[in-house]
Each structure stands twice: as C-alpha cells, then as structure tokens.
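Chains A and B supply the protein sequences, listed in that same order.
When the letters of the first sequence are read in order and numbered with the numbering used here, they come out as residues 159 to 270.
When the letters of the second sequence are read in order and numbered with the numbering used here, they come out as residues 159 to 270.
Down below is the structure, laid out as structure tokens.
There are 2 protein chains.
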Amino acid sequence: MSTEQLDRTFAALADPTRRAILSRLALGESSVKDLARPFAMTAPAVTKHLKVLEHAGLIQRSRTAQWRPCSLNAEPLKEASAWIEEYRKFWEQSFDRLDAYLTEIQNKEKQL
Amino acid sequence: MSTEQLDRTFAALADPTRRAILSRLALGESSVKDLARPFAMTAPAVTKHLKVLEHAGLIQRSRTAQWRPCSLNAEPLKEASAWIEEYRKFWEQSFDRLDAYLTEIQNKEKQL
DNA sequence: CGGTTAATTAACTGATAAGTGAATTAAGCA
DNA sequence: TGCTTAATTCACTTATCAGTTAATTAACCG
Numbered sequence: 159m160s161t162e163q164l165d166r167t168f169a170a171l172a173d174p175t176r177r178a179i180l181s182r183l184a185l186g187e188s189s190v191k192d193l194a195r196p197f198a199m200t201a202p203a204v205t206k207h208l209k210v211l212e213h214a215g216l217i218q219r220s221r222t223a224q225w226r227p228c229s230l231n232a233e234p235l236k237e238a239s240a241w242i243e244e245y246r247k248f249w250e251q252s253f254d255r256l257d258a259y260l261t262e263i264q265n266k267e268k269q270l
Numbered sequence: 159m160s161t162e163q164l165d166r167t168f169a170a171l172a173d174p175t176r177r178a179i180l181s182r183l184a185l186g187e188s189s190v191k192d193l194a195r196p197f198a199m200t201a202p203a204v205t206k207h208l209k210v211l212e213h214a215g216l217i218q219r220s221r222t223a224q225w226r227p228c229s230l231n232a233e234p235l236k237e238a239s240a241w242i243e244e245y246r247k248f249w250e251q252s253f254d255r256l257d258a259y260l261t262e263i264q265n266k267e268k269q270l
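Right, here's the structure in full:
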C-alpha cells in the first residue's frame, strides 16, 4: 500500500469531472469525444483528466482505429477504501453516541 | 451527498501529511505542536493543513487555555466511502478474473 | 505587569493544476 | 493522394497549494 499511490488515487477523485468520468465508464467503454460531451469543456481538457486517471491506474486505454477508448479499472479504489475503512469504527462510535443521546432525550420527554 | 463536500473530503485525503494527522488523531485528541512534531514542517504549515481538514469537516477543534486541541470527526469519510463502494463490483470482477487465471495456470502446471 | 508558550495571521515564493486555442499526429475514406 | 474525424501535444494564462519567515494574538505564570 504505497503512499504515492494513495496520493494519486485521492487526488484523482477530488475533481467532480473525473468522478463523473468514472461513473460514465462504469456503464461501459467510451471514446474521449463521448466522455467530453456532457461537460462544458474542450477535448484537450478531457485528455488531461484522462491522463490523471490513467496515472492513478483508475482507467486503461485501448485503440480502435482513430479512437482511443477508455475503460474503468477500479482496483486502486480498493486500497483507498481500505484506508478509509480503518476509520469506520470512529464514525460508528459517533453514531452509537448519537443513538444513546437520542434515546436519552426520548426517555426524558416521556418523563415530562 | 454534496459534490463540493466530496471534493473537499477527497482533496483533504490526497495529502500524506493530512492522512498522517488523521491517523494520529484516531489515537486521541492532540495539540498543534504535538501534531507538528513528527513532520519536518513549521507550525504555520500544520495550521494550514488543519484548516483544510476542518473545512472538510474531518476534524473539530476546541480550546483549553492557549491550546486548541484537534479531534477526529470521521463522518464525512462515510460519504466518501459510500461513493467508492459503488465501484466495488468492478474490482471484485477483476479479482474473479485473477482467480480464474491462477486456477487455469495451476491446472496447466499439473498437466505438465 | 513582564515574560513565556501555543497558535495564528500576513506576506511572500515556487510548484502544480485546470483550462484555453492553435498546431500536430493518426487513422479511415473518397 | 487529399479530406475528414479523433485525439493529442504545445505554449500559454490563471488560480490554487504547500511551504517559508516574521509579526501578532491569546492565555498562563512568576
């Protein structure tokens, strides 16, 4: 679990355009032009986003004639998810505290 | 699930110093000075990282005399994790493919 | 009150990121 | 071969980010 890989993965996910591209690719392979269509953005801008995603290992590219379709590779997300999951116990603790608090409130209200 | 919130959460997690700060805070509350100690970094730099984490809602701050201790708030991570988990089926698919491949290899080796 | 410690703000530098338009590569097709 | 389409690279602008030092705020303590 390399630090640089986590850096790249999280940085790639920090941009809403790139998250949208990944969502689109979850539905299937797509060309750059089709990926660019929903965004108010030129083709070179999309190419740059794809480079970021590729460098993070989140997509891979092939070649068919003059098209260079992209497809999703979700594996690096596993690592990112694993990092986050280490802290799940903390938010679960806070949910437990919230539950306890709500129960306490309800009991008090019943007593009034 | 706001886009800007996800932007801020993932951007906050993209920096190794900030991830280390969160790890440290998982062990308990800490002052800025103690957080800064393990890093080759001045106090103002740490203050800036804390602002990023606070803006993302990942930490909260209190005040005791001249100390302003930080504590973890892992709740926004839940949202980030939920986003990632949507793609779990893709990386599970690649594991399945890897399993199939390894099984195939083993069978071939047995035949030799 | 004056001094010390914790932390922040202010002002600045250098690097990186997101976007643009223009030119270029690469493939398919008449 | 020449034209069209897909995508990229190039050169540039603008904005943001990570870090610095120096100055400032805030609280405690003798």
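Backbone N, C-alpha and C fix where the C-beta goes; we use that ideal spot for every residue, glycine too.
Which listed residue (the options) has its alpha carbon closest to that of residue i
| i | options | result |
| --- | --- | --- |
| A:A223 | A:E212, A:S229, A:S189 and A:F168 | A:S189 |
| B:Y245 | A:I242, A:P234 and A:F248 | A:P234 |
| A:R221 | A:E187, A:A203 and A:F248 | A:E187 |
| B:F248 | A:T167, A:L180 and A:T175 | A:L180 |
| A:L230 | B:K191, B:T161 and B:Q251 | B:Q251 |
| B:A232 | B:R177, B:D173 and B:V204 | B:R177 |
| A:R166 | A:K191, A:V204, A:V210 and A:F197 | A:V210 |
| B:G215 | B:K236, B:A240, B:W225 and B:P202 | B:K236 |
| A:Q163 | B:P174, B:L183, B:Q163 and B:M199 | B:P174 |
Buried versus exposed, by CB contacts within 10 Å (16 or more), residue i
| i | result |
| --- | --- |
| B:A207 | The residue you asked about is not Ala; residue 207 of chain B is His in the sequence shown. With 16 or more other Cβ atoms within 10 Å, it is buried. |
| B:R195 | exposed |
| A:L185 | exposed |
| A:S160 | exposed |
| B:A240 | exposed |
| B:A172 | buried |
| B:A201 | exposed |
| A:A203 | exposed |
Continuous alpha helix (DSSP H) stretch holding residue i: start and end
| i | result |
| --- | --- |
| B:S239 | E233 to E243 |
| A:D165 | T161 to L171 |
Per DSSP, the bridge partner or partners of residue i
| i | result |
| --- | --- |
| B:W249 | Note: B:W249 sits in no beta bridge, so no partner. |
Heavy atom of the ligand GDP within 8 Å of residue i beta-carbon
| i | result |
| --- | --- |
| B:I217 | In the structure shown, the ligand GDP is absent, as is every other ligand, since no ligand is present at all. |
Please specify which runs of the beta strand (DSSP E), each continuous and at least 3 residues long, are wholly inside the stretch 176-223 of chain A, giving them in chain order.
If we require 3 residues or more, the beta strand (DSSP E) runs fully inside the stretch 176-223 of chain A come out as 217-219.
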